[in-house]
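**Q** In the numbering used here, the protein residues as written are -6 to 270.
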Ligand SMILES: Nc1nc2c(ncn2[C@@H]2O[C@H](COP(=O)(O)OP(=O)(O)OP(=O)(O)O)[C@@H](O)[C@H]2O)c(=O)[nH]1
Ligand SMILES: [Mg+2]
């Protein structure tokens, strides 16, 4: 088909239109905080696969959305999912788990809760309060306690939400040992560990926390506090670079409202608008 080339064999007309229109995409990406090199390389990749007549903003949205991997929580009958949120202190691990728990309860799944954050003043009482709100039993485990399906109260549960301290030195060895135990015993439970990133974290902080937990096998990540910045580029670049699947995005403090399942469209909005619609 000759539609995209001129009869003289000069530059395709379509490409000229695209260059003008990609300027707008470029501007949007710069506003979200992406660096120039990232922008140029991804614009080229998106434009390369553009279809005739496709609007560059739509093209880039579809392209970048499909660059993200989406994490799925398998629902296997007879298998308890042990869902652990790890990451730095204050990023939204506890409230994220509670938001996830509310979804499970709504879906009539049997939920248990457990926490490794058992020494900090008030932490256990806070988690117990959330557990009562969800109508779920709760276990607090100490740093020297071995994690098993028994100690976590997993029996008869579809899912156990495992909160952590936010300290890689103590959380990582306990979770690593749990992973080994479950593997050795084929215990009817599987561990899904998600690294929680705040959308306003710096590039170096993101690298450091990822490195601190690098011993653990991750099921994916959660992005929190996207309502606190219009420039979430660092976290998005970091996740794309790692190829880490994204499970959820948190956009506020409301336990019932502000937790969304990640989708390619939602992540594309974050890239292009710095927020979700
Ligand atoms: N604005 C905003 N606040 C959030 C979000 N997610 C969590 N928060 C708030 O951030 C604060 C810390 O959240 P937690 O869930 O306690 O964080 P954590 O990672 O468990 O913190 P530690 O237990 O201290 O390690 C709370 O006030 C939450 O309401 C979000 O997406 N947006
Ligand atoms: Mg917490």
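Cβ atoms here follow ideal geometry from the backbone N, Cα and C, with glycine treated the same way.
Note that the structure is predicted; figures quoted are calculated from it, not measured.
What distance in whole Å lies between the Cβ atoms of residue 58 and residue 184, which are believed to be in contact at a cut-off of 8 Å?
**A** Actually they do not touch by this definition, with Cβ atoms about 28 Å apart.
**Q** Specify whether the stretch 182 to 201 and the stretch 94 to 111 touch according to this definition: at least 3 beta carbon pairs, one from each stretch, less than 8 Å apart.
**A** Under the Cβ criterion (8 Å, minimum of three pairs), the stretch 182 to 201 does not count as touching the stretch 94 to 111.
**Q** In chain order, what residues have a CB nearer than 7 Å to some heavy atom of ligand 2?
**A** The answer, residue by residue, is 86, 87, 110, 116, 156 and 159.
**Q** Quick one: which unbroken alpha helix (DSSP H) runs of 4-plus residues sit fully inside the stretch 71 to 116? Chain order, please.
**A** 86 to 99
**Q** Identify every run of the alpha helix (DSSP H) within the stretch 148 to 193, keeping only runs that are complete inside it and at least 4 residues long; order them along the chain.
**A** 161 to 178
**Q** Can you say whether residue 166 is buried or exposed, counting buried as having 16 or more other CB atoms within 10 angstroms of its CB?
**A** exposed
**Q** With DSSP as the reference, identify every bridge partner of residue 241, one or two as the case may be.
**A** Bridge partners of residue 241: 215 and 254.
**Q** Please report the straight-line C-alpha distance between residue 86 and residue 154, rounded to a whole angstrom.
**A** Rounded to the nearest whole angstrom, the CA to CA distance from residue 86 to residue 154 is 10 Å.
**Q** What's the call for residue 144, buried or exposed, on a 16-neighbour Cβ count within 10 Å?
**A** exposed
**Q** Going by the C-beta, is residue 243 closer than 7 Å to any heavy atom of ligand 1?
**A** Relative to ligand 1, the nearest heavy atom lies less than 7 Å away from the CB of residue 243.
**Q** Ligand 1 heavy atoms versus the CB of residue 220: any closer than 7 Å?
**A** yes
**Q** Rank 140, 151 and 253 by C-alpha distance to the C-alpha of residue 220 and give the top, closest one.
**A** 253
**Q** Quick one: give me the first and last residue of the alpha helix (DSSP H) that residue 40 is part of.
**A** 29 to 41
**Q** Three-state secondary structure (DSSP) at residue 133?
**A** Residue 133 falls in the strand class under three-state DSSP.
**Q** Please go through the same chain and pick out, in chain order, the residues whose beta-carbon is closer than 6 Å to the beta-carbon of residue 2, but skip the five residues on each side of it.
**A** The predicted model places residue 2 with a pLDDT of 40, which falls under 50 and marks its position as unreliable, so this point remains unresolved.
**Q** Expressed to the nearest angstrom, what Euclidean distance is found between the alpha-carbon atoms of residue 222 and residue 178?
**A** 44 Å
**Q** Assign residue 67 to buried or exposed, taking buried as 16 or more other Cβ atoms, counted over all protein chains shown, within 10 Å of its Cβ.
**A** It counts as exposed.
**Q** Looking at the strands, I want to know which residues DSSP matches up with residue 63.
**A** 239
**Q** Please list, in chain order, all residues of the same chain as residue 19 whose beta carbon is under 7 Å from its beta carbon, the five residues on each side excluded.
**A** Correct list, in chain order: 32 and 36.
**Q** Out of 156, 168 and 141, which one is the CA nearest neighbour of residue 119?
**A** 156
**Q** Quick one: residues in its chain with C-beta nearer than 7 Å to the C-beta of residue 81, no 5 flanking neighbours on either side, listed in chain order?
**A** The beta carbon of residue 81 is closer than 7 Å to those of 159 and 202 in its chain, skipping five residues each way along the sequence.
**Q** Let me check you understand the geometry: is the CB of residue 99 closer than 7 Å to at least one non-hydrogen atom of ligand 1?
**A** The closest heavy atom of ligand 1 lies 7 Å or more from the beta carbon of residue 99.
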